[in-house]
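For the record, in the sequence shown the residue sitting at position 374 is 439 according to the numbering used here, with numbers rising by one throughout. No residue lacks a Cβ here, since even glycine has one placed at the ideal position from N, Cα and C.
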Amino acid sequence: MHVQEADKKYIISTYNRFPVTIVSGKGSIAVDENGKKYIDMGSGIGVTSFGYCDNIWQDAIKAQISLVQHTSNLYYTEPCTKLAELLIEKTGMSKVFFSNSGAEANECAIKAARKYASEKKGKDCYNIITLWNGFHGRTLTTLAATGQEHYHELFQPLTSGFKHVHVGDLYELKSVAQPNTTAAIMIECIQGEGGVNVVPQNYVQAIADYCKENDILLIVDEVQAGNGRTGEFYSYMNYGIQPDIVSTAKGLAGGLPMGATLFGEKVKDIFAFGDHGSTFGGNPVAAAAAVSIVKRIDQKLLREVKTKGQFVKDFFKDDPDIEQISGMGLMIGIKPKNKTAAEVVKQCMENGVLCLTAKDKVRLLPALNIPLDNLKSALEVIKQSLATSKQR
Ligand SMILES: *Cc1c(COP(=O)(O)O)cnc(C)c1O
Numbered sequence: 066m067h068v069q070e071a072d073k074k075y076i077i078s079t080y081n082r083f084p085v086t087i088v089s090g091k092g093s094i095a096v097d098e099n100g101k102k103y104i105d106m107g108s109g110i111g112v113t114s115f116g117y118c119d120n121i122w123q124d125a126i127k128a129q130i131s132l133v134q135h136t137s138n139l140y141y142t143e144p145c146t147k148l149a150e151l152l153i154e155k156t157g158m159s160k161v162f163f164s165n166s167g168a169e170a171n172e173c174a175i176k177a178a179r180k181y182a183s184e185k186k187g188k189d190c191y192n193i194i195t196l197w198n199g200f201h202g203r204t205l206t207t208l209a210a211t212g213q214e215h216y217h218e219l220f221q222p223l224t225s226g227f228k229h230v231h232v233g234d235l236y237e238l239k240s241v242a243q244p245n246t247t248a249a250i251m252i253e254c255i256q257g258e259g260g261v262n263v264v265p266q267n268y269v270q271a272i273a274d275y276c277k278e279n280d281i282l283l284i285v286d287e288v289q290a291g292n293g294r295t296g297e298f299y300s301y302m303n304y305g306i307q308p309d310i311v312s313t314a315k316g317l318a319g320g321l322p323m324g325a326t327l328f329g330e331k332v333k334d335i336f337a338f339g340d341h342g343s344t345f346g347g348n349p350v351a352a353a354a355a356v357s358i359v360k361r362i363d364q365k366l367l368r369e370v371k372t373k374g375q376f377v378k379d380f381f382k383d384d385p386d387i388e389q390i391s392g393m394g395l396m397i398g399i400k401p402k403n404k405t406a407a408e409v410v411k412q413c414m415e416n417g418v419l420c421l422t423a424k425d426k427v428r429l430l431p432a433l434n435i436p437l438d439n440l441k442s443a444l445e446v447i448k449q450s451l452a453t454s455k456q457r
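Listed below in structure tokens is the structure:
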């Protein structure tokens, strides 16, 4: 049976897939079953940090998979220790918990915040405040954290104790986030799924200050914006703040499932034996892959990400078919003027470029090391696709 027919027959239809079957890839080029090549401007939703089947990444996995692929967390293994050390070095956080996805990384952050607040401020202090339009995952708890009601409707009751506030409204934030009932404020500095919205600097800074003054934990969700994506190692570093807890996943292991929750000094000892766990968390192969990725996200690469991001913005400057362009580094949202984002993405695909959408925007999350010629070719195709057919 053909892949696409078999998929429709046997796999739960939660994904409205494009009629494309990807069979291989190298660097920023994906190849479908008919041999058609695409420049990938989505990286599997910001996951394949160094593109498809990158040699260094592959070698790291091959080396680890011929030593040990899994041991459970009953024993020590080297790769996750190495990875933890690297993450601590790069962030100034204190300790790490490893899991397998963004939702799990956030669950861990939420559990930690609840325990900290209940011990420090009492049993009634459990609320987690998040931003409308944010996205934190698909489990019942991370859905509750996600400030987008259309995701909630069919799955009530969700985990209680979550409240959402509007980006930029500090007055609302302070009235909702009462110090005696609020365990944490959890934000994305750049809302990815919500439309690549850069949360304003002064608002983020004010949240950080408010958290500090009131012993409310600041959790920053770096699942999408992290690991070099915005031209800093984590997106919060663009803001000059220091969160208490950071969650990350997507690009961390370059294409293998891995999540991490980073704990700052205040909360580093909050969990005791048995408080949290994961069978696969810290898997040696995923961790070895992540070590190979994180090591390469150095100042030179970060500068390159910023330069390429600016290149994209300059390329589209004054484009009459664009309403607005947003984002940071290689996390970019383009709001088309004359078409829907979905129409643009479809046309791009037909013309050999894979893009994503985020709400009413075309979202670009290319590999951090996308070659400049691939980037330029992709931008030409996107530009054409943004133009109305009349103008073409
Ligand atoms: C994708 C995403 C998640 C969820 O990650 P999964 O790995 O799909 O569970 C959480 N937060 C943000 C900001 C994301 O972009």
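* To do: State the start and end residues of the unbroken alpha helix (DSSP H) segment that holds G111.
  => Here the question's residue 111 lines up with position 46 in the sequence shown. Unbroken alpha helix (DSSP H) run through G111: 108-111.
* Give me the Cα-Cα distance between P385 and L282, rounded to the nearest whole angstrom. => Against the sequence shown, residue 385 aligns to sequence position 320. Against the sequence shown, residue 282 aligns to sequence position 217. Between P385 and L282, the C-alpha separation is close to 44 Å.
* **Uninterrupted alpha helix (DSSP H) stretches inside the segment 257-328 (no shorter than 4 residues)** => 266-278
* Secondary structure at L421, three-state DSSP: helix, strand or coil? -> Reading the sequence shown from its first residue, position 356 is the one you call residue 421. In this structure, L421 counts as strand in the three-state DSSP scheme.
* Asked: In chain order, what residues of the same chain have a beta carbon less than 7 Å from the beta carbon of I193, not counting five sequence neighbours either side?
  -> Position 128 of the sequence shown, counted from the first residue, corresponds to residue 193. Cβ within range, chain order: I175, A178, A210, G226, F227, A248, A249, M251.
* Asked: For Y103, which beta-bridge partners are listed by DSSP?
  -> To locate residue 103, count along the sequence shown from 1; it is residue 38. Note: Y103 sits in a beta bridge opposite A95.
* Pull up the distance between the alpha-carbon of G167 and that of T206, whole angstroms please. => Counting from 1 along the sequence shown, the entry for residue 167 is found at position 102. Counting from 1 along the sequence shown, the entry for residue 206 is found at position 141. Cα to Cα, G167 sits roughly 12 Å from T206.
* When burial is assigned at 16 or more other CB atoms within 10 Å of the CB, is F274 buried or exposed? -> For the purposes of this step, residue 274 is identified with residue 209 of the sequence shown, where counting begins at 1. It should be pointed out that residue 274 corresponds to Asp in this sequence rather than to Phe. The residue in question, D274, is exposed, as its Cβ has fewer than 16 Cβ neighbours within 10 Å.
* Asked: Using the C-alpha atoms, what's the distance from K185 back to L421?
  -> The residue you call residue 421 lines up with position 356 of the sequence shown. The residue you call residue 185 lines up with position 120 of the sequence shown. Distance between the alpha carbons of L421 and K185 is about 43 Å.
* Between S450, N434, H215, Y141, which lies nearest to S108 when the distance is taken from Cα to Cα? -> For this step, residue 108 is matched to residue 43 along the sequence shown. Ranking the options by Cα distance to S108, first place goes to N434.
* **For M158 and V263, believed in contact at Cβ under 8 Å, the rounded distance** => Residue 263 sits at position 198 when you count from the first residue of the sequence shown. Residue 158 sits at position 93 when you count from the first residue of the sequence shown. About 23 Å; that fails the 8 Å criterion.
* Asked: With 16 other CB atoms within 10 Å as the buried threshold, where does N439 fall?
  -> Here residue 439 is taken as the residue at index 374 of the sequence shown, counted from 1. Its Cβ being crowded by 16 or more others within 10 Å, N439 is buried.
* **Three-state secondary structure assigned by DSSP to S225** => Here the question's residue 225 lines up with position 160 in the sequence shown. It is coil, neither helix nor strand.
* Asked: Considering M414, what are the terminal residues of the alpha helix (DSSP H) in which it resides?
  -> For the purposes of this step, residue 414 is identified with residue 349 of the sequence shown, where counting begins at 1. 406-415 is the span of the alpha helix (DSSP H), which, as asked, contains M414.
* To do: Could you tell me if the beta carbon of V261 falls within a distance shorter than 7 Å of some heavy atom in ligand 1?
  => As a position in the sequence shown, residue 261 is number 196, starting the count at 1. V261 Cβ: outside cutoff for every heavy atom of ligand 1.
* Asked: In terms of residues, what are the limits of the beta strand (DSSP E) holding E65?
  -> Because the chain is modelled from 66 through 457, residue 65 falls outside the range shown and cannot be assessed.
* Asked: Using a Cβ-Cβ cut-off of 7 Å (strictly less than) and excluding sequence neighbours within five positions of V112, which residues of its own chain qualify?
  -> Within the sequence shown, the letter at position 47 stands for residue 112. The answer, listed in chain order, is K315, G316, G320.
* Beta bridge counterpart(s) of M251 as assigned by DSSP -> Start at 1 with the first residue of the sequence shown, and residue 251 comes out as number 186. M251 pairs with T195, I284.
* Have a look at K155, A355, D334 and flag the residue whose alpha-carbon is nearest the alpha-carbon of I121. => Position 56 of the sequence shown, counting from 1, holds the residue named residue 121. It is A355.
* Going by the beta-carbon positions, is the gap between Y304 and Q256 smaller than 8 Å? -> For the purposes of this step, residue 304 is identified with residue 239 of the sequence shown, where counting begins at 1. For the purposes of this step, residue 256 is identified with residue 191 of the sequence shown, where counting begins at 1. Not closer than 8 Å, so no.
* **Euclidean distance between Cα positions of V288 and S312** => Translated into the one-based positions of the sequence shown, residue 288 becomes position 223. Translated into the one-based positions of the sequence shown, residue 312 becomes position 247. When rounded, the distance between both Cα atoms is 6 Å.
* Specify, as a first and last residue, the run of the alpha helix (DSSP H) that F381 falls within. => For the purposes of this step, residue 381 is taken as residue 316 along the sequence shown, with counting starting at 1. Per DSSP, F381 belongs to the alpha helix (DSSP H) from 364-381.
* **ligand 1 heavy atom lying under 7 Å from the CB of A318** => Reading the sequence shown from its first residue, position 253 is the one you call residue 318. No, the beta carbon of A318 sits no closer than 7 Å to any heavy atom of ligand 1.
* N126: which of P349, I94, I306, A443 sits nearest, CA to CA? -> To locate residue 126, count along the sequence shown from 1; it is residue 61. The residue you asked about is not Asn; residue 126 is Ile in the sequence shown. The option with the nearest alpha carbon to I126 is P349.
* Go to G398, then tell me how far its beta strand (DSSP E) extends in each direction, as first and last residue. => If you number the sequence shown from 1, residue 398 lands on position 333. Element bounds for G398: 396-401.
* Asked: Does DSSP put V230 in a helix, in a strand, or in coil?
  -> On the sequence shown, residue 230 is found 165 positions in, with the first residue counted as 1. Correct three-state label for V230: strand.
* Does ligand 1 have a heavy atom nearer than 7 Å to the CB of H201? -> For this step, residue 201 is matched to residue 136 along the sequence shown. Within the cutoff, so yes.
* To do: Report the option in I76, G90, Y236, V68 whose CA atom is closest to the CA atom of P84.
  => For the purposes of this step, residue 84 is identified with residue 19 of the sequence shown, where counting begins at 1. The candidate whose alpha carbon is nearest that of P84 is V68.
* To do: Enumerate in chain order the residues of its own chain whose CB-to-CB distance from D72 is below 8 Å, with the five nearest sequence positions on each side excluded.
  => Taking the sequence shown and counting its residues from 1, the one referred to as residue 72 is at position 7. Cβ within range, chain order: R82.
* When you compare only the Cα positions, how much space is there between Q221 and E172? -> The count along the sequence shown starts at 1 and reaches residue 221 at position 156. The count along the sequence shown starts at 1 and reaches residue 172 at position 107. Using only the alpha carbons, I get a separation of about 18 Å.
* To do: Could you work out which residue in W197, F200, A352, Y80 is closest to N165 when comparing CA atoms only?
  => Taking the sequence shown and counting its residues from 1, the one referred to as residue 165 is at position 100. If we check each option's Cα against that of N165, A352 comes out closest.
* Asked: Sorry if obvious, but does the Cβ on V356 come closer than 7 Å to a heavy atom of ligand 1?
  -> Here residue 356 is taken as the residue at index 291 of the sequence shown, counted from 1. Checking the Cβ of V356 against ligand 1 gives no.
* Indicate, with yes or no, if ligand 1 has a heavy atom lying under 7 Å from the CB of N99. => As a first step, residue 99 must be located in the sequence shown, where it is residue number 34. False, no ligand heavy atom lies under 7 Å from that Cβ.
* Examine the Cβ distances between the segment 358-371 and the segment 235-248 and report whether three or more of them are shorter than 8 Å. => no
* Nearest residue (CA-CA) to A242, options G233, H229, C254, E253 -> To locate residue 242, count along the sequence shown from 1; it is residue 177. Comparing Cα-Cα distances from A242 to each of G233, H229, C254, E253, the minimum goes to H229.
* Unbroken alpha helix (DSSP H) run spanning E184, endpoints -> Locating residue 184 in the sequence shown gives position 119, counting from the first residue. E184 -> alpha helix (DSSP H) spans 167-186.
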